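Since the structure comes first, as structure tokens, the remarks are kept for the end.
There are 2 protein chains.
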Amino acid sequence: MASRRPSGIALPTIRRLPMYASVLEQTRQEGQDHVSSPQIASALGLEPIQVRKDLAAIGVSGQPRVGFPVAELLTAIERFLGWDNLSDAFIIGAGHLGVALAGYHGFSRHGLNVVALFDADPGKVGTRVHGKEILDMGRFADLVDRLHVHIAILTVPDEAAAEVVETAVAAGIRGIWNFTATKLVAPEGVIVERVDLAASLAVLSSKLADMSGRDRGSG
Amino acid sequence: MASRRPSGIALPTIRRLPMYASVLEQTRQEGQDHVSSPQIASALGLEPIQVRKDLAAIGVSGQPRVGFPVAELLTAIERFLGWDNLSDAFIIGAGHLGVALAGYHGFSRHGLNVVALFDADPGKVGTRVHGKEILDMGRFADLVDRLHVHIAILTVPDEAAAEVVETAVAAGIRGIWNFTATKLVAPEGVIVERVDLAASLAVLSSKLADMSGRDRGSG
DNA sequence: TAGATTGTTAATCGATTAACAATC
DNA sequence: TAGATTGTTAATCGATTAACAATC
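So the sequence lines, in the order shown, correspond to chains A and B. Just so we're aligned, residue 75 is where the first sequence starts under the working numbering, counting upward by one. Just so we're aligned, residue 75 is where the second sequence starts under the working numbering, counting upward by one.
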């Protein structure tokens, strides 16, 4: 049903790329100019063969006995993930989560530049957090257009999510990073990527329950 | 390498359970007492057969022509995910993200009760956020023991993560919900579940790049 | 050279999807 | 009854892992 990945790289591989980048930065800092797949694998708890497959996918090859060139690999990953040039983004929803994300400096190293926050609450509008202005949601469409922003980070209350998405899409937003608990519907051509806390918590709870003997307490 | 899931339910299924719960709550609110797999599937953009497989996994069966019993299904999912009895948790790191999570009321519906926050910054210790106290990290081990808390939510700066995990594990924490960008090492028997924002952002960026023609701009 | 590591080709594994008889 | 839906059994699909020749 989902169309084949145009980039030809599998999503599981793409999700692992930031981990490789992190290990490679460490490696570089240690002054190593090459690193082997067993080294990377052990640092991340993966199998060497999986590392080799992933690195092959982004088009960097290694040398037998020597490993992979650290700098070249890092550049290739950063380039692939778009970390080498910043994309502007608006945060919609200046609640605690929105403010937290606005203050996260790590995003700039990941190609994301938060330009401003938007909120519907007049009490918040006009104030600043982390040096960024909180603007009235009424001005969103205009500013998306004038500043050519393509990415929205959604941190509004769940009930507001559906309506806000409509506004965002109508304004020309092409990618939505969805932090709400709501499954969003978006038209063809608009990418929605969700950070699903409930799913993550479900995995944690389930593993904990398995660990301590699921349901031991009751019955 | 990973041991077989003791609960016998595949992780992808577990990750979808909260979505089913959400749809079922809606359905119940609409007064329907049964719901079919095609109904659920269309609400979530899944295939009916996948819904049936998932629901079979948690042990609820439906009726041909009628569908699945909404209330029973909801109860089964909530029970499986532990939403029916609260587990206490400590948040470690009272920065913006920690405070944001402390203020998220949805967790209580997901079986998680945030008892308090911990921070190493004396300027924060003693204050309250969302009605919850911020305590000195020095008191962590003692309070884990006295209050029998088993879950820690990790929202410290990345550099601090490794050390804090050691402290937490030594104190008796059994499950860590890791919001840092750090891959954590924990001993056998301690569950670490990571909310990997970098991976999620990588997927969004990559899909956006595919959409607009990867690398069209340069070269 | 000897031997560690790469990269290719094949095998395995697990999840998703399809087909269809059973059922109400 | 007619027909929508379930649940089982089989097929497909994609990702991970294994085996091993090639290489430096």
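Backbone N, C-alpha and C fix where the C-beta goes; we use that ideal spot for every residue, glycine too. The structure displayed is predicted, hence computed values, not measured ones.
Problem set entry | CB contact below 8 Å: S116/B versus chain A | no
For this session: Give me the Cα-Cα distance between D270/A and S280/B, rounded to the nearest whole angstrom.
Result: 18 Å
Exercise. Would DSSP call S286/B helix, strand or coil?
Worked result: coil
For this session: Helix, strand or coil for F164/A, going by three-state DSSP, please let me know.
Result: strand
Problem set entry | Contact with chain A by R89/B, beta-carbon distance below 8 Å | yes
For this session: Note down, in chain order, each residue of its chain lying with its Cβ closer than 6 Å to the Cβ of K198/A, except the 5 sequence neighbours on either side.
Result: A168, I208
For this session: Count the other C-beta atoms from every protein chain shown that fall within 10 angstroms of the C-beta of H170/A, then say buried if there are 16 or more, exposed otherwise.
Result: buried
Problem set entry | Through-space distance from G263/A to R248/A, alpha-carbon basis | 7 Å
Exercise. According to the neighbour-count rule (16 or more other Cβ atoms, all chains shown, within 10 Å of its Cβ), is R59/B buried or exposed?
Worked result: What is shown of chain B runs 75 to 293, which leaves residue 59/B out entirely.
Exercise. Using the rule of at least 16 other Cβ atoms within 10 Å of the residue's Cβ for burial, across every protein chain shown, is D193/B buried or exposed?
Worked result: buried
Exercise. DSSP three-state call for F192/A: helix, strand or coil?
Worked result: strand
Exercise. Can you list the alpha helix (DSSP H) stretches of 4 or more residues lying completely in the region 237-285 of chain A, in chain order?
Worked result: 271-285
For this session: Please confirm whether V238/B and I166/B have their CB atoms less than 8 Å apart.
Result: yes
For this session: Locate the beta strand (DSSP E) running through I83/A, then write down its first and last residues.
Result: Where I83/A is concerned, there is no enclosing beta strand (DSSP E), given that its DSSP letter is neither H nor E.
For this session: Just tell me which of R139/A, K127/A, L275/A, D219/A has its CA closest to the CA of A84/A.
Result: K127/A
Exercise. Given a threshold of 16 other Cβ atoms within 10 Å of its Cβ, counted over all protein chains shown, does A145/A qualify as buried or as exposed?
Worked result: exposed
For this session: Go through its chain and collect everything with a Cβ distance to R102/B's Cβ below 8 Å, but skip five positions before and after it.
Result: V144, A145, L148
For this session: Drop a sphere of 10 angstroms on the beta-carbon of R256/B, count the other beta-carbons inside from all chains shown, and report buried for 16 or more, exposed for fewer.
Result: This sequence places Thr at residue 256/B; Arg is not what is there. So T256/B counts as buried.
For this session: List the whole-angstrom C-beta distance separating I250/A from L278/A, where the pair is believed to meet the contact cut-off of C-beta under 8 Å.
Result: About 26 Å separates the two Cβ atoms, so there is no contact after all.
Exercise. Rounded to the nearest angstrom, how far is the Cβ of V125/A from that of A163/A, given a contact under 8 Å?
Worked result: Contact flag wrong, Cβ pair sits at about 31 Å.
Exercise. From the beta carbon of D195/A, is the nearest beta carbon of chain B less than 8 Å away?
Worked result: no
Problem set entry | Inter-residue CB distance, G141/A and H108/A (contact presumed, cutoff 8 Å) | 4 Å
Problem set entry | Below-8 Å beta-carbon distance, L186/A vs any chain B residue | yes
For this session: State the Cα-Cα distance for the pair S135/B and I114/B, rounded to the nearest angstrom.
Result: 15 Å
Exercise. Which of the three DSSP states, helix, strand or coil, is assigned to E233/B?
Worked result: helix
For this session: Run the CB neighbour count on T201/A, radius 10 Å, all protein chains shown included, and call it buried at 16 or more, exposed below.
Result: exposed
For this session: Tell me, please, whether the CB atom of H170/A is closer than 8 Å to any CB atom in chain B?
Result: yes
Exercise. Between which two residues does the alpha helix (DSSP H) harbouring K127/A extend?
Worked result: 122-131
For this session: Taking T254/A and A235/A to be in contact with their CB atoms under 8 Å, please state how far apart those CB atoms are, rounded to whole angstroms.
Result: 4 Å
Problem set entry | Per DSSP, the bridge partner or partners of N338/B | Lying outside 75 to 293, the shown extent of chain B, residue 338/B is not represented and no answer is given.
For this session: Give the secondary structure of G156/A by DSSP, where H, G and I count as helix, E and B as strand, and everything else as coil.
Result: coil
Problem set entry | Residue range of the unbroken alpha helix (DSSP H) whose run includes D210/A | Taken as a continuous stretch (DSSP letters only), D210/A belongs to no alpha helix (DSSP H), being part of the beta strand (DSSP E) at 206-210.
Exercise. Is it right to say A76/B is buried, meaning 16 or more other beta carbons lie within 10 angstroms of its own, or is it exposed?
Worked result: No answer about A76/B holds up, because its pLDDT of 43 lies below 50 and its placement is not dependable.
Problem set entry | A244/A to D195/A span [Cα, whole Å] | 21 Å
For this session: For L282/A, go through chain B and note every residue whose CB falls closer than 7 Å to its CB, in chain order.
Result: R248, G249, I265
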